[in-house]
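Residue numbers (the numbering used here), protein chains in the order written: chain A, 45 to 301; chain B, 11 to 323. We treat Cβ as the ideally placed atom computed from N, Cα and C, and that holds for glycine. Written below as structure tokens is the structure these notes are about.
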Ligand SMILES: Nc1ncnc2c1ncn2[C@@H]1O[C@H](COP(=O)(O)OP(=O)(O)OP(=O)(O)O)[C@@H](O)[C@H]1O
Ligand SMILES: [Mg+2]
């Protein structure tokens, strides 16, 4: 692992919103193929971190390098082109369209980005790619259902499926299982992680559910007030005193309220 | 590529209308010329509307197209129908492309009113400038076709119908391309479009330019049909309002809709005016309310219901 150059290299990353410090000097290296869990209480700066890596928010200071190339200053779509994609805490899909149409648009953009966009979207080639994605993400039955009529979990699946059709090398998932019932969570993550492992994608995912973290990740980053207070394997992290106090403790506290 | 139902229908309907027009009385041919000229602009507004954008200022481009014809006529004696059409579309298209750099950053009411603002500036300039005809405008000489001066208006009707047909087929094709499919997608969720790797600003800029070209072409055809231009009937904000009215009346469902909607508008206005010269706006307003409340999908949605579920959009 040490011999591999990092695929993502974050240095001295700072983000301030007035007096609020959402990222306070974050330094971290991610290696190719790692599955990393990002944990932390509400407002710890997790989404903010994802937003900065994907160019949605400009950092106040610092550098983010992907395969050696600086990402800070690039627009989100340029970062997508470079090979980084994400899903959203609240699914961002085309709500008046069907699942099939959503994915067709995602596939069409991923497959022709230049002036090719002036050729017909609905081609046999794209249709077969669509079938492939529908199969892998078990969305076949919902292909012709409009998004606004979908259950939360299916919407989340679609959100992730749309993020991966561009074949990213890094995928950031922001709370993939939020809003999904306890019984469905593991099935859901099995579908997602199964599809991603096949492609060898490096995954960072934000998660509040420690059972999910323990089961799927190889490394945990614990955020607290814009800082990474622990960076270690999941077993160790979940037993760590600081993590228990500042992350898990607060989680339990929050749930009781 | 063009072998879908909509394109075939346009082709057949266009040719039938051209045939029928040869036997139709003058006033009917006139209604069709005005209706189809305007329909070109509606086609462009429909593309914007599907993207979630409504412009309350497209009389700017409509007027530019019309005045391009007038100025070319007076200053250079250009009378050829194709040169006039191309000039109108080109002037408006160029303006639309330049203004598009600003418009692509605005949405909703800001987009709508910013367009009104530029059209009001043009209106003011024309009204105040003697060289541009001021409030009176200009009479325009009869259009010639490849050097021949036609005896009647029928040849112009044929050309307007053909231009409308070709424009509708092209826009129909555009709406099926990746660029074109990014209409509803942009309306639904811009963030997702950007994250998929596509520039929303570029997509909107292209749509806006297309709408400007079409509105300019519409203005040029209207100027030729009427044989005159003046700021009140070409650039005023009420003209923009009419265009939006017809867009909603037509419905966004299909590129055929603007042609039907524009015709209905012409007929409606003519009869409303004859029935109640003092209160024709009342009839138009009531129609508008009825549409918004009872058939938000416009005339097209009614036709679709009557025709059953068909037509690939
Ligand atoms: N656009 C913004 N403007 C101002 N403050 C912001 C903005 N975005 C985030 N913040 C603040 O930055 C801090 C980190 O927010 P962030 O959304 O990253 O938290 P999070 O760890 O994702 O929390 P959650 O678990 O609730 O999603 C919070 O204090 C938040 O209020
Ligand atoms: Mg968050």
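Going along chain B, which residues have a C-beta under 8 Å from residue i?
| i | result |
| --- | --- |
| residue 154/A | 206 and 207 |
| residue 243/A | Those do not exist, as residue 243/A stays about 18 Å from chain B at its closest Cβ, beyond 8 Å. |
| residue 210/A | 206 and 207 |
| residue 166/A | 186 |
Tell me whether residue i sits in a helix, a strand or coil according to DSSP, three-state version.
| i | result |
| --- | --- |
| residue 29/B | helix |
| residue 276/A | strand |
| residue 109/A | strand |
| residue 243/B | helix |
| residue 14/B | coil |
| residue 183/A | coil |
| residue 54/A | strand |
| residue 97/B | helix |
| residue 100/A | coil |
| residue 79/A | strand |
| residue 209/A | coil |
| residue 114/A | strand |
| residue 122/B | helix |
| residue 40/B | helix |
| residue 149/B | strand |
| residue 70/A | strand |
| residue 298/A | For residue 298/A, the predicted structure reports a pLDDT of 48, less than 50, and the residue's modelled location is therefore unreliable. The matter cannot be settled from this model. |
| residue 215/A | strand |
| residue 217/B | helix |
| residue 12/A | Summary: the structure shown does not reach residue 12/A, with chain A confined to residues 45 through 301, and so no result is reported for it. |
| residue 303/B | helix |
| residue 266/A | strand |
| residue 136/A | coil |
| residue 59/A | strand |
Mind pulling the chain B residues with CB within less than 7 Å of residue i?
| i | result |
| --- | --- |
| residue 137/A | 199 and 202 |
| residue 162/A | 187 and 189 |
| residue 125/A | 207 |
| residue 121/A | 204, 207, 208 and 209 |
Output yes or no for whether 7 Å exceeds the beta carbon distance between residue i and residue j.
| i | j | result |
| --- | --- | --- |
| residue 133/B | residue 241/B | yes |
| residue 99/B | residue 190/B | no |
| residue 114/B | residue 51/B | no |
| residue 154/A | residue 209/A | yes |
| residue 278/A | residue 257/A | yes |
| residue 111/A | residue 51/A | yes |
| residue 69/B | residue 249/B | yes |
| residue 61/B | residue 165/A | no |
| residue 228/B | residue 79/B | no |
| residue 72/A | residue 54/A | yes |
| residue 77/A | residue 223/A | no |
| residue 229/A | residue 221/A | yes |
| residue 198/B | residue 139/A | yes |
| residue 267/A | residue 90/A | yes |
| residue 174/A | residue 147/A | yes |
| residue 316/B | residue 171/B | no |
| residue 71/B | residue 102/B | yes |
| residue 109/B | residue 217/B | no |
| residue 126/B | residue 247/B | yes |
| residue 202/A | residue 143/A | yes |
| residue 59/B | residue 268/B | no |
| residue 226/A | residue 204/A | no |
| residue 283/A | residue 264/A | no |
| residue 38/B | residue 91/B | no |
Strictly below 8 Å CB to CB, what residues from chain A border residue i?
| i | result |
| --- | --- |
| residue 195/B | 138, 141 and 149 |
Which chain B residues sit within Cβ distance under 9 Å of residue i?
| i | result |
| --- | --- |
| residue 218/A | Residues of chain B passing the Cβ test: none, with the nearest at roughly 12 Å. |
Applying a beta-carbon distance threshold of less than 8 Å, which residues of chain E neighbour residue i?
| i | result |
| --- | --- |
| residue 130/A | Absent here is chain E; the protein component of the structure consists of chains A and B. |
Taking 8 Å as the cut-off, does the segment 246-263 of chain B touch the segment 15-24 of chain B (at least 3 CB pairs, one atom from each stretch)?
Output reads no: the segment 246-263 of chain B does not touch the segment 15-24 of chain B.
Say whether the segment 191-203 of chain A touches the segment 221-228 of chain B, bearing in mind that this needs 3 or more beta-carbon pairs closer than 8 Å, one atom from each stretch.
Of all C-beta pairs linking the segment 191-203 of chain A to the segment 221-228 of chain B, fewer than three are shorter than 8 Å, placing the two stretches out of contact.
Which residues neighbour ligand 2 when neighbourhood means a C-beta less than 7 Å away from any of its non-hydrogen atoms? List them by chain order.
The answer, residue by residue, is 90/A, 91/A, 133/A, 218/A, 219/A and 250/A.
Report yes or no: do three or more beta-carbon pairs, one from the segment 84-92 of chain B and one from the segment 143-158 of chain B, lie closer than 8 Å?
Enough Cβ pairs lie closer than 8 Å, so yes.
Tell me, please, whether the segment 203-221 of chain A touches the segment 246-263 of chain A by the rule of three or more beta-carbon pairs shorter than 8 Å.
Enough Cβ pairs lie closer than 8 Å, so yes.
If you pair each beta-carbon of the segment 175-195 of chain B with each one of the segment 157-164 of chain B, do three or more pairs fall below 8 Å?
The answer is no - the segment 157-164 of chain B does not touch the segment 175-195 of chain B, with fewer than three Cβ pairs under 8 Å.
Should the segment 206-214 of chain B be regarded as contacting the segment 32-50 of chain B, the criterion being three or more beta carbon pairs within less than 8 Å?
The answer is no - the segment 32-50 of chain B does not touch the segment 206-214 of chain B, with fewer than three Cβ pairs under 8 Å.
Contact the segment 102-114 of chain A vs the segment 178-194 of chain A: 3+ CB pairs below 8 Å:
In the pairwise beta carbon analysis, the segment 102-114 of chain A is classified as not touching the segment 178-194 of chain A: fewer than three pairs are separated by under 8 Å.
At least 3 beta-carbon pairs within less than 8 Å: the segment 261-278 of chain A vs the segment 82-96 of chain A
Three or more pairs of CB atoms, one per stretch, sit closer than 8 Å, so the segment 261-278 of chain A contacts the segment 82-96 of chain A.
Three or more C-beta pairs below 8 Å linking the segment 266-278 of chain B and the segment 291-308 of chain B
Short answer: they touch.
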